[in-house]
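The structure under discussion appears below in the form of structure tokens.
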């Protein structure tokens, strides 16, 4: 026994030295992204595990640490641009009922300019009081500043350091009067880490396309808006739906709540590297499963 003690001491010292000199991937960071997996019928797939997922940044494989059903409460910023028609009121009400106790919600309305109806809150009674203001209102037939509403929501979520932010844009189309550049708004969304969801219900009966007073300015404004509403969902891991029949609004808006509830939280390790990766690719090994996830790599 006396002969074993020095050996044991040496082993313990060596183990301690190894632990101190080789910390767990020193300088690396763990990052969480949210993703939805769907089958060929577009129904959520909810039985996947970490071994089913692969993550790459700039085509470099990352270590997937864990994959779990997303349980972090959401911060949902809803932006309504409906030309005062009230067509989104029922859908937003149904959405709110499905996410209550699992989210905070804010509401902005585009009435030419952007009006904040309510700031982020988890109080369902406050939600319903705000949503009640989405009924028929004075129209804004020539459009408004939807880009300003998206940028304002992104800045607010960044300031709140939202853990699981979502921006939901509900629009009937129209002319964009904001002077913001599309790439700048996309950068704001990226900084906030929000997923951008867009429900586009273009309908001439709700908002006709008014003749522009300054065609060049409005053409540029619409180009920037199209860039954000087109590229934003892909980059951020959200989705865009284009609806022709307004009857779909009663089902498509609340359906988003089901998609958000079926998301996975994917935690992966980013090793210490120079610079920030630009692209992320999240894939699933199982055949027939599609993944909705960010394509622009998180900055943190």
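In our numbering, the protein residues as written are 12 to 311. The C-beta atom is built at its ideal place from N, Cα and C for all residues, glycine as well.
Residue 276 sits in a strand when the DSSP states are folded into three classes.
For the pair residue 280 and residue 142, the CB atoms are not nearer than the 8 Å cut-off. Judged by DSSP in its simplified three-state form, residue 311 adopts coil rather than helix or strand. Under the three-state reduction of DSSP, residue 243 is assigned to helix.
Nearest Cα to residue 87 within the set 212, 80 and 106: 106. An exposed status is given to residue 58, since fewer than 16 other beta-carbon atoms sit within 10 Å of its beta-carbon.
The residues 135, in chain order, have a CB closer than 7 Å to that of residue 111 in the same chain once the five nearest residues on each side in sequence are set aside. Within the region 164-211, the complete beta strand (DSSP E) segments at least 3 residues long are 176-182 and 206-211, listed from N- to C-terminus. Collapsing the DSSP output to three states places residue 63 in a helix. Counting the other Cβ atoms within 10 Å of the Cβ of residue 299 gives fewer than 16, which makes it exposed. In this chain, the beta strand (DSSP E) harbouring residue 86 covers 85-92. Given a length threshold of 4 residues, each whole run of the alpha helix (DSSP H) inside the region 103-166 is given here in chain order: 135-142.
Proximity of the region 150-163 to the region 180-189 meets the contact definition, three or more beta-carbon pairs being nearer than 8 Å.
When the Cα atoms are used, residue 92 and residue 43 turn out to be separated by approximately 31 Å. Here residue 164 is buried: its Cβ has 16 or more other Cβ atoms, across all protein chains shown, within 10 Å. Inter-residue distance for residue 293 and residue 277 is about 9 Å (C-alpha atoms, whole angstroms). In the three-state reduction of the DSSP assignment, residue 264 falls in the helix class, which pools H, G and I.
Between the region 89-103 and the region 261-273 there are three or more C-beta pairs closer than 8 Å, enough to call the two in contact. When Cβ pairs closer than 8 Å are counted between the two stretches, the region 66-73 is seen not to touch the region 227-246, the count staying below three.
Residue 235 sits in a helix when the DSSP states are folded into three classes. Residue 301: member of the beta strand (DSSP E) spanning 301-303, first to last residue. Boundaries cannot be given for residue 288, as no beta strand (DSSP E) includes it and DSSP labels it neither H nor E.
About 7 Å separates the Cβ atoms of residue 248 and residue 46, confirming a contact at the 8 Å cut-off. In this structure, the straight-line span from the alpha carbon of residue 269 to that of residue 109 is close to 8 Å. For the 8 Å CB-CB criterion, residue 199 and residue 162 form a contact.
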